[in-house]
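In what follows, a structure is listed as structure tokens, so that the remarks can point back to it.
2 protein chains.
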Amino acid sequence: MADTASSPGPETSRLEPDERRDQILQCAQRLFSEHGVGAVSNTDIARAAGISRGLLNHYFGSRRELYRDVVRRMMDVPPVPVPEYVPGASVADRVAQSLDGWLELLSRNRSIWLTATGIAGCGGDEELEAIIDRARDRAVARAIEVTGLGPAVRDHPEIHAMLRGFSGMAEATTREWLRHGRLTRKQVHVLLESTLLTIINDVIPDATAVCE
Amino acid sequence: MADTASSPGPETSRLEPDERRDQILQCAQRLFSEHGVGAVSNTDIARAAGISRGLLNHYFGSRRELYRDVVRRMMDVPPVPVPEYVPGASVADRVAQSLDGWLELLSRNRSIWLTATGIAGCGGDEELEAIIDRARDRAVARAIEVTGLGPAVRDHPEIHAMLRGFSGMAEATTREWLRHGRLTRKQVHVLLESTLLTIINDVIPDATAVCE
DNA sequence: CCTGCTATTGACAGTTAGACAACTATCGCT
DNA sequence: AGCGATAGTTGTCTAACTGTCAATAGCAGG
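Keeping their order, the protein sequence lines are chains A and B.
So in the numbering used here, spot 182 of the first sequence is number 995, and the numbers just go up one at a time.
So in the numbering used here, spot 209 of the second sequence is number 1022, and the numbers just go up one at a time.
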């Protein structure tokens, strides 16, 4: 980054550690989103937060750890849009409703989500991979709950892996929608719904049979 | 990196520019694969290639450009496993055969592919994104050819975006197979085949209708 | 007002990328 | 053999970045 058109910096000093931590993370997240991770130095972040560079290391140790915490903060945002169990609803209904909730959530947190998933496998950091992996697993777990696949997954762990594959498709499709505008929300919905139902109804019986 | 257990370095000098370029890229690719991008310095690469540091900049300008060229080289590897047009074959047959060729190719170039896709969206570099995007588009173009969707795509460009979504699933699923061993090759095949056929037969009619 | 605690700073050390200049080695040509 | 042209080397210099640590400044409670 060349120059940071300095925002109206808080100009305050001596915050409580938790507040300071949070404020720094917020600034870092914004800068990463705006300029890309590689183009933002610790100096930039410190300036944006109105603090000295040394304080970054005091709070986060190394840059890598700061980076990890930013990603963690981003990924932890989604507070689960409640599966909503309605007695008379079919699996297809529940899938449709859950998908809708997910898409709604993403359309609200557009830039955060794009940054967090774009950051992704930046190469070499085990723990970072694990953080993103965990977020993905949470999404898959929700899918399992919604589709009522719980018992089947216990016997066939590969179903879990397949749903992780599906979540790759969900991410890619959502990028096409939110980032490039090459799909509409409705189209994403139809695509993901049909695909997920196919996986449940057609693929899983075949593929699990193959394994044994 | 502390010390690079020096490979049996070519020890030669005065190569043709093209050869030298290629040799440097090869070394960089190997180091990136082995130690991760962030852990390899220009000095490491120069040492591994048996040349001076300055020559790196002579050939590639900046580190970022070297990095881009490494990724470009990785992505350009797949020499298209020939679609093979057999007259009597159905779409499903052609999809199955093409998928099989793709999986075979990947199982052979396992580590290269994992590195290339893992490197992926490292954040912030437009041109790098474009390179990866282009590789993905090539895969999608092959899928369109195999499935005979050419005419439909001309009228409905969103089909293209959907197939890009599918390619996200293909990547994620393949990672589950090649990297984590949580799926077998057969399972990946069944999953991708069914999903792709569903998209072609069920989703595309629905979704394109929605658009108009 | 003083005193202890701690958030915060500022300067320092080590490393790296990138630019540049001067020099050397090797090839192709006459 | 001699002579350019060009690939490659070495070394240095600058700017920027990260991580560390002793010193400082702001805010409690007595």
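All C-beta atoms, glycine included, are put in the ideal place defined by N, C-alpha and C.
- Under the Cβ criterion of 8 Å, B:Q842 is not counted among the residues facing chain A.
- Judged by their CB atoms, B:I1012 and B:F979 are nearer to each other than the 8 Å cut-off.
- In the structure shown, A:V1016 falls within a helical segment according to DSSP collapsed to helix, strand and coil.
- In this structure, the beta-carbon distance from B:A841 to B:I864 does not fall below 8 Å.
- In the assembly as shown, B:L868 is an exposed residue. Its beta-carbon has fewer than 16 other beta-carbons within 10 Å.
- DSSP, reduced to helix, strand and coil, places B:P964 within a helical segment of the structure shown.
- When secondary structure is reduced to three states using DSSP, B:N922 falls in the coil class, being assigned neither helix nor strand.
- Bounds of the alpha helix (DSSP H) holding A:G981 are 971 to 991.
- For B:E847, no CB of chain A lies under 8 Å from its own CB, so it is not counted at the interface with that chain.
- Taking 8 Å as the cut-off, the Cβ atoms of A:L991 and A:R886 do not count as close.
- Apart from the 5 residues on each side of it in sequence, B:R998 sits with its Cβ closer than 8 Å to the Cβ of L916, S920, W990 in its chain, given in chain order.
- The three-state secondary structure of B:R947, taken from DSSP, is helix.
- For A:E878, the enclosing alpha helix (DSSP H) starts and ends at 876 to 888.
- Within chain B, no residue has its CB atom less than 7 Å from the CB of A:E878, the nearest being about 14 Å off.
- Of all residues in the segment 956 to 987 of chain A, only P970, E971, H973, A974, M975, R977, G978, F979, S980, G981, M982, A983, E984, A985, T986, T987 place a beta-carbon less than 9 Å from a beta-carbon of chain B.
- Judged by beta-carbon spacing, B:V884 lies within the 8 Å limit of B:I944, meaning their Cβ atoms are closer than that value.
- At a beta-carbon threshold of 7 Å, the residues of chain B lying near A:D1019 are V1003, ordered along the chain.
- Nearest to B:V953 by alpha-carbon distance, out of B:W926, B:L927, B:E984, B:P830, is B:E984.
- Distances from the CA of B:A861 to each of B:V908, B:R843, B:L1005 were compared; the closest alpha carbon is that of B:R843.
- For the pair A:T1008 and A:L996, the CB atoms are not nearer than the 8 Å cut-off.
- Here the C-alpha atom of A:G851 lies approximately 17 Å from the C-alpha atom of B:G931.
- A residue is called buried when at least 16 other Cβ atoms come within 10 angstroms of its Cβ; A:D831 does not meet this threshold and is exposed.
- One thing to note: B:G981 has its Cβ no nearer than 8 Å to the Cβ of A:G994.
- Listed by position along chain B, the residues whose Cβ is nearer than 7 Å to that of A:D1015 are S1007.
- If you draw a straight line from the Cα of B:R881 to the Cα of B:N870, it comes to about 14 Å.
- Distance from the Cα of B:V904 is smallest, within the candidate group B:L1010, B:T1021, B:H969, for B:L1010.
- Residue B:L941 holds the alpha-carbon nearest to the alpha-carbon of B:E878 among B:A909, B:Q910, B:L941, B:A929.
- A:R995: not part of any alpha helix (DSSP H); DSSP gives it neither H nor E.
- By the 16-neighbour rule on beta-carbons within 10 angstroms, A:A902 is exposed.
- In the structure shown, the three-state DSSP call for A:I864 is coil.
- Only residues of its own chain outside the window of five on either side were considered, and among them R866, L869, R876 have a CB closer than 7 Å to the CB of A:N855, listed in chain order.
- Each of B:V959, B:T928, B:V1003, B:L828 was checked against the Cα of B:F845, and the nearest Cα belongs to B:T928.
- The shortest CA-to-CA distance from A:A948 to any of A:I837, A:E847, A:M888, A:L838 is the one to A:M888.
- DSSP places A:A841 in the uninterrupted alpha helix (DSSP H) bounded by 830 to 848.
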